[in-house]
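Chains as they are written, first to last, in the working numbering: chain Y, 35 to 141; chain X, 35 to 141.
Ideal Cβ placement from N, Cα and C applies to all residues, glycine included.
What follows is a short report on a single structure.
There are 2 protein chains.
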Amino acid sequence: MSTIEKSKNVLTLVNIFTVEPGRQGDLVKLLLEATERTMRHLPGFVSANIHRGLDGTRVINYAQWESMATFEAMHRNADAQAHMKAAAALAQSEPVFCEVVEAVSIR
Amino acid sequence: MSTIEKSKNVLTLVNIFTVEPGRQGDLVKLLLEATERTMRHLPGFVSANIHRGLDGTRVINYAQWESMATFEAMHRNADAQAHMKAAAALAQSEPVFCEVVEAVSIR
Numbered sequence: 035m036s037t038i039e040k041s042k043n044v045l046t047l048v049n050i051f052t053v054e055p056g057r058q059g060d061l062v063k064l065l066l067e068a069t070e071r072t073m074r075h076l077p078g079f080v081s082a083n084i085h086r087g088l089d090g091t092r093v094i095n096y097a098q099w100e101s102m103a104t105f106e107a108m109h110r111n112a113d114a115q116a117h118m119k120a121a122a123a124l125a126q127s128e129p130v131f132c133e134v135v136e137a138v139s140i141r
Numbered sequence: 035m036s037t038i039e040k041s042k043n044v045l046t047l048v049n050i051f052t053v054e055p056g057r058q059g060d061l062v063k064l065l066l067e068a069t070e071r072t073m074r075h076l077p078g079f080v081s082a083n084i085h086r087g088l089d090g091t092r093v094i095n096y097a098q099w100e101s102m103a104t105f106e107a108m109h110r111n112a113d114a115q116a117h118m119k120a121a122a123a124l125a126q127s128e129p130v131f132c133e134v135v136e137a138v139s140i141r
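Here it is as structure tokens:
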């Protein structure tokens with residue numbers, strides 16, 4: 035379980051991937067493996083939340099890192115680079131770096 | 035605080051808004067008001083999580099609803115329609131309906 039909170043004070047990266055029809059499952063598998071094998075073990079990792087778009091062409095990773103510095107350090111890690119290169123071969127990605135303004139939840 | 039969980043069994047809508055530089059604050063305010071005044075009181079609302087893009091041109095609402103049916107019912111609500119019309123006048127939006135495949139978190 036991951037949490038979204040204003041006071042959590044993390045860097046949020048919402049990465050929107052677009053894939054050719056039929057490749058969504060491959061990208062989901064790749065992102066799950068990248069998370070389990072590499073990302074979650076790197077300094078500053080907080081969470082990765084993989085979503086499957088209902089239309090079959092999108093995958094969204096809602097990710098949290100302690101800071102931009104730890105995110106940038108991940109980008110210099112050779113194992114992480116190999117995962118990102120594999121993802122880039124499968125999909126176009128549109129990363130949005132952001133911060134939580136407000137989380138309103140009733141459950 | 036909101037949670038992202040595979041077992042939560044909600045419809046997730048990630049809505050990516052793009053605004054002209056200088057209008058980000060206006061859109062954030064509008065979405066917060068829409069959430070507080072209308073959305074959170076409608077049947078099936080679970081959460082709305084408003085994010086400010088660090089580049090100043092994006093706003094993301096990571097929203098959860100009980101089901102597509104309750105989301106569609108919201109779209110027929112006159113108050114909700116007024117908020118959505120105001121948002122559309124300020125920003126382009128790209129909604130992605132999705133479901134959680136996995137949430138991996140270390141805190």
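Within 10 angstroms of the beta-carbon of ALA97 of chain X lie 16 or more other beta-carbons, which makes it buried.
Scanning the region 83-125 of chain Y for uninterrupted alpha helix (DSSP H) segments of 4 residues or longer gives 102-109 and 112-124, listed from N- to C-terminal end. Not a single C-beta of chain X is nearer than 8 angstroms to the C-beta of ALA114 of chain Y. At least one CB atom of chain Y sits nearer than 8 angstroms to the CB of MET35 of chain X.
Short of 6 angstroms from the beta carbon of MET102 of chain X, and not among the five residues preceding or following it, lie these beta carbons of its own chain, in chain order: LEU45. At the C-beta level, ALA123 of chain X and LYS40 of chain X stay beyond 8 angstroms of one another. Secondary structure note for LEU65 of chain X: its alpha helix (DSSP H) is the uninterrupted segment 58-71. A residue is called buried once 16 or more other Cβ atoms fall within 10 Å of its Cβ, and ILE140 of chain X, having fewer, is exposed.
Contact of GLY87 of chain X with chain Y is assigned, a C-beta pair being separated by under 8 angstroms.
Comparing alpha carbon positions, the residue from X:LEU66, X:GLU100, X:LEU76 and X:ARG86 closest to ALA120 of chain X is X:LEU66. Look at ASN83 of chain Y: its C-beta is under 8 angstroms from a C-beta on chain X. Its chain contains ILE84, ARG86 and VAL93 as the residues whose beta carbon lies nearer than 7 angstroms to that of VAL62 of chain Y, once the 5 sequence neighbours on both sides are disregarded; these appear in chain order.
In terms of Cβ geometry, GLU128 of chain Y and LEU88 of chain X do not form a close pair [threshold 8 angstroms].
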